[in-house]
Amino acid sequence: MYMAWLWPWITLAAVIVVLYLVVRDISQSSRGEVVQRFACPNTGTEVAATFVSDFLDPSRFADVRRCSLFPGEQQPTCDKACLGCGKEALAAQDLRRRPLPVMPLA
């Protein structure tokens, strides 16, 4: 009976931890960084770029965070024509480049 005061505090702490994890997950998913490989519309070479998803318009990317044409952590300084291509077009290019999984022989 003397430990009955402890259970409400444990419950409150558990609820706070769960709420923190949910809010953190939602905030990370709203930033939504996506890496895609595609042919650059400006140069025609194959690049890998990290895009930031647009939270308000899920069908498009909002910005280019990194691109393999720019070394290191240098921000892309091109006109970012790839943003106009659309998510579906870039994802389709990326899917064509991925190797097919090797199925084991039974």
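Read left to right, the sequence shown gives residues -11 to 94 (our numbering).
Just so you know, even glycine gets a beta-carbon here, dropped at the ideal spot from N, CA and C.
Note that the coordinates shown come from a computational prediction; the quantities given were computed from them, not determined experimentally.
query, result
"Rounded separation between ASP67 and LYS75 - CA only", "17 Å"
"GLN24 - partner residues in DSSP beta bridges", "ALA37"
"Rounded C-alpha distance that separates ARG25 from ALA2", "41 Å"
"Given 8 Å, three or more beta-carbon pairs between the segment 3 to 12 and the segment 55 to 73", "no"
"Simplified DSSP state of ALA178, which is helix, strand or coil", "This structure cannot speak to residue 178, because the chain is shown only from -11 to 94."
"Local conformation of CYS70 per DSSP, three classes", "helix"
"Proximal residues to GLU34 (C-beta, below 8 Å), its chain only, five neighbours per side dropped", "ARG25, PHE26, ALA27, CYS28, ARG85"
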